[in-house]
Each structure stands twice: as structure tokens, then as C-alpha cells.
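Enquirer: Under our numbering, the first residue of the sequence shown carries the number 3, and numbering increases by one thereafter.
C-beta atoms are modelled at their ideal positions from N, C-alpha and C, and glycine is treated no differently.
These numbers were taken from a predicted model, which means no experiment stands behind them.
The structure that follows is given in the form of C-alpha cells.
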Amino acid sequence: MTVRDDLAAAGATLVEDGEGIRVTPSSVASLARAVAVVRAHRVALRLRGSGDAPVNAPPSGVLLDLGSLDRIATVNAATGIARVEAGCSVAALESAVRRAGCTLGPLLPSVRAGSVGAWLAGPTRGARGIAGARRETAALSLAAILPDGRIAEGRAAPAKAVGPDLAHLSLGGGGRLCVIAAAWIRLFPATPALASAWSCPDVAAAVSALELVCQRRLAPARARILVGADGARLALAWEGVESAAIERDRAARLLAATCSPLPEVPANWVRDPAEGHPIEVDARWASLRGWSPHGDLHLFGLHAGGSFAVFSLPEARAAEECAALARAAGARVIAPRRLRDTGPGWEAAGAGAAWQRLVEVLGVEA
């Protein structure tokens, strides 16, 4: 039997999509049956959820459209945990948790525009900035579909309490080893942001000042650096019921050594969207210091070692030019998808042979 025949026998809804097949599972169980069929036939597999960029089925392969798996099962403000299916859009989840007085926190624009599954399986691995200038994945636990169609679920508890789980194979994996079906997401309390703005001599000085703040464990929830001929403008915003005011005041004492306060800058300026044709990167502080002397940087998920950042150039210059400057500075481009850089492979870690054996055993794409 062909893959199409087996998918139809499994009860999946399918249509022709170019040279491949688009399958729309109606439930997690339906998704599991479809994954088992696709993996058994060893054909190419692609995934798409609500809000994700349009994508066609690969030639002779299958596109799993998870748009119907968009249910938000629970939002518990008391525990700070939401359970959601992978096809749900991040924007819809944020709206739902906001009604409960919670938030997902500041996220990259590409993350907010896509699905929960793409966020967790994509290059950011669902990582966000958390207290103490650290980064941690938003997923407390996952429900994942194994190549044979079995559904594996972890426990919604910190990793130190439950030990290793499938998150190590799912997060950032793009659905290659297993397909994320649902997740338990950690929420933050929704609180007003407290901002401050500063004038710095140049982009290197602004980034160095921000790095110092993060290394002292005072990382803001988000930051922005606008660089021009007259220097750099740095804005930072902290969130937290009790910690925001304390951290902002402590950071101000550090920033005052190299920067000058700008009280006239509107508090919401740090939240203004990037203009032109921006790109998104994951970069260390040294790479951010090497950025163009003219441009706009929006920073998210700040930690002691670096940050996610949105880069844009003045006069709406092309994203390709922006990406070239970012790569020259040593940053890894993660969005838009057409310009995305491949992350370090297993070979770079000396585990290429182990990876190949795992691929062969699971029957997935190499």
C-alpha cells in the first residue's frame, strides 16, 4: 500500500498539495496514527501550526497541518501553568493567559507570529529570560509523538524533580525525532513594566553596559539600542511584582558610570516594533558589540552570556544585508526562515556516529 492509502485507512483528512500530501489531524490520537504511517514509509515530513509561515508538502512527502490541534486545555493562574496543543498560535495563548492575569513574557516577533509547536521545536527551543539573568525553556513538560506512533508524556514539574525526559529530543528538533503534540507552559504574572533610558557613546558602549547589568543578575525583560551618528540610545524595561523597581534602581547605579540618563524618552519606546526588514539572531555579547554603527536592536531573553535580538538597518535596507552584517559579527541568524543559519550539529560535539545510529533506529530523515 502507498502512504496515501495507509493515511486514508488511518482515518486522516488528506488533500493533494503540490507533489505531496497535506494531512490535517483532528486530535492527538489522529496525529499519532499519521506520524506512525509517515515514519513507516520513511517519506519526508513537514509540520505547520496556526500562524506559521505557509509551507507546501515536500515532493512525495507529507505536510502535517496542526491547525486543528489548537485547544487550550487549561490556564491555571495559581500554579502558573497552561496546557495547550501544539497547533495553537502563540498569540492566541497569550490572549488566553492574559485574561487570567498571566503572560508568556516578552518574545521575539517571529515567535509571537507562529504556533506553540514551532516555538518549542524551532531554533529558540522555547527559551525565555528568567530571574537571575538566565534563560530557560517555557515548556515544563511535553506530549510527543514517537516515530512508531506512541504518545509519550512527561510530568509538568521542574527537570530537577523528574530527571531526563523527551524534551531533549523534542525541543529545537524541528519534528525530526519526535513530533510535539502538546505542552505544559510556565506562565509569568502580568505586571506593569518599569523602564529607563540612557545615552551612550556608541553601540559597543551600550552593549557593554547592558552586558554588565546582566552579569550582575539584573537582566531586564527586554531592551532596545538605537544607534545613529550622535551615539546610541539604550532603553531597558523590567517586569516583576516586587523585583522590577529594585532591579531598575540597582542597574541605574551601574549604568551611570558610562551612560547618561534620558528621562524624556517615553516609557513605551522600548516596546516599539522594529521597522524596515529586520532579522532575528541568537548572539553572544561580543557579537552584539560588533553590530553596525547605524541600526536598531531589540533584545529579548537576555542572560549573562548574550541575548536574542532583532536587527534592522536604517532606510529599510534589505534583510540580506542585515543578515550579512550579523554573521560577520559572529551572530547566528534564526529568522526569517529563508535566511536561517543551521545550528551546531552533533558532529561538532563529537557525537555524529551516535546521531546517525539514532536516526536509523527511529526511521526518521537523516
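(1) What is the residue span of the alpha helix (DSSP H) that residue 264 lies within?
(2) Report yes or no: do three or more beta-carbon pairs, one from the region 189–200 and one from the region 230–249, lie closer than 8 angstroms?
(3) Bridge partners for residue 132 per DSSP, in chain order?
(4) Helix, strand or coil: how does DSSP classify residue 119 here?
(5) Which whole-angstrom value is the C-beta distance of residue 68 and residue 89, which I expect to be below 8 angstroms?
(6) Using DSSP bridges, identify the partner residues of residue 153.
(7) Where in the region 224–308 do unbroken runs of the beta strand (DSSP E), each at least 3 residues long, occur, reported from the N-terminal end onward?
(8) To the nearest angstrom, how far is it from the Cα of residue 241 to the Cα of residue 300?
(9) Please name the residue, chosen from 200, 3, 48, 306, that lies closest to residue 269 on a Cα-to-Cα basis.
(10) Relative to the C-alpha of residue 345, which residue among 36, 3, 21, 123 is closest?
(11) Hey, out of 115, 307, 154, whose CA is closest to residue 216's CA?
(12) Pick helix, strand or coil for residue 189, following the three-state DSSP scheme.
(13) With DSSP collapsed to three states, give me the class of residue 62.
(14) Name the DSSP bridge partner or partners of residue 112?
(15) Pick from 318, 118, 134, 276: whose alpha carbon is nearest that of residue 181?
(16) With C-beta atoms as the reference, is residue 177 less than 7 angstroms away from residue 127?
(17) Which partner residues of residue 370 appear in the DSSP bridge assignment?
(18) Where does residue 11 sit, in a helix, a strand or coil, going by DSSP?
(19) If we ignore side chains and look at the alpha-carbon of each, how far apart do residue 250 and residue 109 end up?
(20) With 16 as the cutoff for other CB atoms within 10 Å, does residue 198 come out buried or exposed?
(21) Measure the alpha-carbon distance for residue 27 versus residue 104 and round it to whole angstroms.
Expert: Walking through what the data contain:
(1) Locating residue 264 in the sequence shown gives position 262, where the first residue counts as 1. Element bounds for residue 264: n/a, residue is neither H nor E.
(2) yes
(3) As a working note, residue 132 is residue 130 in the sequence shown. Bridge partners of residue 132: 136.
(4) Counted from its first residue, the sequence shown places residue 119 at position 117. Three-state DSSP puts residue 119 in a helix.
(5) Within the sequence shown, residue 68 is the residue found at index 66, counting from 1. Within the sequence shown, residue 89 is the residue found at index 87, counting from 1. Between residue 89 and residue 68 the Cβ distance is about 3 angstroms, and since that is below 8 angstroms, they are a contact.
(6) The count along the sequence shown starts at 1 and reaches residue 153 at position 151. In DSSP, residue 153 forms a bridge with 147.
(7) 224–230, 233–240, 281–286, 297–305
(8) For the purposes of this step, residue 241 is taken as the residue at position 239 of the sequence shown. For the purposes of this step, residue 300 is taken as the residue at position 298 of the sequence shown. Approximately 16 angstroms between the Cα atoms of the pair.
(9) On the sequence shown, position 267 is the one that residue 269 refers to. That would be 200, whose Cα lies nearest to the Cα of residue 269.
(10) As a first step, residue 345 is located in the sequence shown; it is residue number 343 there, counting from the start. With distances taken between Cα atoms, residue 345 lies closest to 123.
(11) Taking the sequence shown and counting its residues from 1, the one referred to as residue 216 is at position 214. For residue 216, the nearest C-alpha among the options comes from 307.
(12) Here residue 189 is taken as the residue at index 187 of the sequence shown, counted from 1. Three-state result, residue 189: coil.
(13) Translated into the one-based positions of the sequence shown, residue 62 becomes position 60. It is coil, neither helix nor strand.
(14) As a working mapping, residue 112 is identified with position 110 in the sequence shown. Bridge partners of residue 112: none, in fact.
(15) Taking the sequence shown and counting its residues from 1, the one referred to as residue 181 is at position 179. The candidate whose alpha carbon is nearest that of residue 181 is 118.
(16) Stepping through the sequence shown from its first residue, residue 177 is reached at position 175. Stepping through the sequence shown from its first residue, residue 127 is reached at position 125. Contact flag unset, no.
(17) Residue 370 is absent from the structure shown; the chain starts at 3 and stops at 368.
(18) On the sequence shown, position 9 is the one that residue 11 refers to. Note: residue 11 maps to helix in three-state DSSP.
(19) Position 248 of the sequence shown holds residue 250. Position 107 of the sequence shown holds residue 109. Straight-line Cα distance between these residues: approximately 20 angstroms.
(20) Translated into the one-based positions of the sequence shown, residue 198 becomes position 196. Buried is the call here.
(21) By 1-based counting over the sequence shown, the position of residue 27 is 25. By 1-based counting over the sequence shown, the position of residue 104 is 102. Between residue 27 and residue 104, the C-alpha separation is close to 30 angstroms.
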